[in-house]
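Below is one structure; the comments refer to it alone.
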């Protein structure tokens, strides 16, 4: 159901985009409902293959995002089921969808494209519905220009009508001006019936043989005048034969046959053009030299000679004749080769269009499977369901796919790239991405987990993490309240001794900071003991004690020392002064924070001990 919902949403979006592109062809044409129904039906059929990849991507993102958000995916992985096993039934289903997409493109698509483009051409050729606007000249009627100042939409009456009739030419135009009128369509929708009231008609009477400037004219005043104007507003379907040579109206078998025939045609025409060029433009001279003459020429010592000597010794008339002959031959050859090049280029263009259509049927079908391997693992990684984040991510991925695919298609169609390379570019880019995301999601990677990057940013900036301990409904082991106070006191002593020994209030030595290779194990031990005591005391039933436990700081145990574990990397960081200076001030700030954390631990330990003693004395 989710897939069907996303599919119809995507199909609706693509149809609205398609309708927006051709809305000018339908507005004002007075098309009947059955014609519009056919248009929407055939356009929907042609857009099904384009809608399927986006629908699969969105459905996979929502489904696996819901699994991850509700921890269902985690439960299945905890039960020993890998991501690929979870995806296996859906992979079979998507494979069936790929076959359906291919069937639509190869069988249904060509027929739907033929019907759709026949409808579009018929819509373009249909005359618009007569709906004369107010205050502007209306020129949709051939040979006429109408102006109406005001009209009554309820009665259909037109007021202050001005008509220019150019059927007999601009110089013999008829001008009609009337106070009111009405325009009606005849029953056969082939003519307009014009009724005019209280007006005048002007007409030039100039004939083709008249040359004088003063041209006679005729003026006629009328109370009522009627005229019939030829205007075909009926919808007539054009012949679908013009689509027979179009690549989008053929299946793969017909496309392959067309490709083979055009290749053979180009090869044959190319060989013919080559023979014609060798027999005319590049024809060898009729008085070819004999073998004896060539031997004499090779053995002769000619020295330097001027190839233009014959031209220079010619007379002016001879030079003009030679130049005009050469120019004429060059222009004739250029015109001939330009025409032949145009013929070859037209065939090459049609050939590339057939080849791109052949590859598109495969790539668009395979895109369904690739988008599933992108959407499913991506949904498991981001762990966000619903229509919020998945819609944004799917739209971004589809835009990237559309840009890459459209670029490759145009490059292949225009002959800039090899056809197969241009058409398979999007697949070559997105297939490794799908494999990478599937691998990362199967291994529970956090490469695209927003929380991981947020936590990392908090660590870099120095934003504190806050504890969130809540009262447990079921407690198996109660805290040992007789032992914990003594351990808290010992922890307070160690914290005070650590702060004094490390001199956390002082600024660290810049050079010793990078050259010392030891790690601060003391703060790691303090943090481990603190977390262990907090974990044990979190089993308490006392709300007051839980509130006090939430005041314990979360200690960043590595933020106050060198940023890297490797000695040479730390040394390099210190040498590169800008980077070293940044880390130096960061470490200094975290040392001051650590000193405050030690004081806070000591203070909280005292409060916790007091709470435990009060609870024990009750």
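Numbering (the working numbering), first residue to last: 10 to 627. We put the CB at the ideal spot given by N, CA and C, even for glycine.
Helix, strand or coil at residue 121 [DSSP, three-state]: Helix, per DSSP.
Buried/exposed call for residue 21, threshold 16 Cβ in 10 Å: The residue is exposed, with fewer than 16 neighbouring Cβ atoms inside 10 Å.
Supposed contact pair residue 235 and residue 200 - C-beta distance, whole angstroms, cut 8 Å: Not confirmed; about 12 Å, so no contact.
Straight-line Cα distance separating residue 362 from residue 114: Roughly 15 Å separates the two Cα atoms.
Completely contained alpha helix (DSSP H) runs for the segment 381 to 459, where each covers 4 or more residues: 398 to 422, 428 to 432 and 434 to 451, all fully within the segment 381 to 459.
Nearest residue (CA-CA) to residue 568, options 620, 549 and 513: Residue 568 has its Cα closest to that of 513, out of 620, 549 and 513.
Residue 467, buried or exposed, once every other Cβ within 10 Å from all chains shown has been counted against 16: Around the beta carbon of residue 467, a 10 Å sphere encloses fewer than 16 other beta carbons of the protein chains shown; the residue is thus reported as exposed.
Inter-residue Cα distance where the pair is residue 382 and residue 97: About 11 Å.
Stretch pair the segment 377 to 395 + the segment 63 to 83: three plus CB contacts closer than 8 Å: The answer is yes - the segment 63 to 83 touches the segment 377 to 395, with three or more Cβ pairs under 8 Å.
Given 8 Å, three or more beta-carbon pairs between the segment 99 to 119 and the segment 401 to 409: No: the two stretches stay apart, fewer than three of their Cβ pairs being nearer than 8 Å.
Same chain, Cβ closer than 8 Å to residue 24, five either side skipped, listed in chain order: If we look at residue 24 and ignore the five residues flanking it on each side, its Cβ neighbours are 49, 52, 53 and 56.
N-terminal and C-terminal residue of the beta strand (DSSP E) that residue 174 is part of: Element bounds for residue 174: 166 to 174.
Cβ-Cβ separation, residue 451 to residue 93 (assumed contact under 8 Å), whole Å: Sure, about 6 Å apart at Cβ, within 8 Å.
Span separating the alpha-carbon of residue 207 from that of residue 233: Whole-angstrom Cα-Cα distance: 6 Å.
Span separating the alpha-carbon of residue 295 from that of residue 271: Residue confidence is low: residue 295 scores 47 on pLDDT, short of 50, so the model does not pin down where it sits. Its coordinate-derived value is still stated next. The alpha-carbon atoms of residue 295 and residue 271 are separated by roughly 37 Å.
Residue 569 (DSSP reduced to helix, strand or coil): Residue 569 falls in the coil class under three-state DSSP.
Proximity winner among 151, 58, 128 and 83, relative to residue 43 (alpha-carbon distances): When only C-alpha atoms are compared, the closest one is 128.
Local conformation of residue 219 per DSSP, three classes: Only weak support is given to the placement of residue 219: the predicted model assigns it a pLDDT of 49, under 50, and the value that follows is read from those uncertain coordinates. Collapsing the DSSP output to three states places residue 219 in coil.
Residue 160, DSSP secondary structure in three states: Reduced to three states, the DSSP call for residue 160 is strand.
Burial state of residue 367 (16 or more Cβ within 10 Å): Per the 10 Å Cβ criterion, buried.
The segment 568 to 580 / the segment 515 to 526 touching (three or more Cβ pairs under 8 Å): A contact between stretches requires three or more CB pairs, one per stretch, nearer than 8 Å, and the segment 568 to 580 meets this requirement with the segment 515 to 526.
Proximity to residue 41 [Cα-Cα], best of 462, 132, 484 and 444: The shortest C-alpha separation from residue 41 is found at 132.
Cβ neighbours of residue 217 in the same chain (closer than 7 Å, five flanking residues each side left out): Low confidence applies here, because residue 217 scores a pLDDT of 46, under 50, leaving its location unreliable and the question unanswered by this model.
For residue 186: DSSP bridge partner residues: Residue pairing from DSSP places residue 186 in a beta bridge opposite 171 and 209.
Exposure label - residue 372; buried when at least 16 CB within 10 Å: That one is buried.
Whole-angstrom C-beta distance between residue 258 and residue 123, which should lie under 8 Å: In this structure residue 123 touches residue 258 by the C-beta definition: roughly 5 Å separates them, less than 8 Å.
Backbone secondary structure at residue 576 - three-state DSSP: Residue 576 falls in the helix class under three-state DSSP.
Validate contact between the segment 169 to 176 and the segment 146 to 161 using beta carbons, cut 8 Å, 3 pairs: In short, these stretches touch, since the Cβ pair count reaches three.
DSSP three-state assignment for residue 191, whether helix, strand or coil: Residue state for residue 191 is assigned as strand, using DSSP reduced to three classes.
Cutoff 8 Å; reference residue 184; Cβ partners in own chain excluding five residues on either side: Contacts found: 171, 172, 173, 174, 210, 211 and 212.
Neighbourhood of residue 500 by C-beta distance below 8 Å, restricted to the same chain and skipping five residues each side: Spatial neighbours of residue 500 in its own chain (CB-CB distance under 8 Å, excluding positions within 5 residues in sequence) are listed in chain order as 535, 538, 539, 542, 610 and 614.
Per-residue DSSP class, three states only, for residue 229: DSSP places residue 229 in the strand class (E or B) of the three-state scheme.
Buried or exposed (CB count within 10 angstroms, at least 16 for buried), residue 285: Exposed, since its Cβ has fewer than 16 Cβ neighbours within 10 Å.
Alpha helix (DSSP H) segment containing residue 277, residue limits: Run containing residue 277: 261 to 288, per the alpha helix (DSSP H) assignment.
Short Cβ contact (8 Å threshold) for residue 443 with residue 73: The beta carbons of residue 443 and residue 73 sit no closer together than 8 Å.
Rounded separation between residue 81 and residue 75 - CA only: Using only the alpha carbons, I get a separation of about 8 Å.
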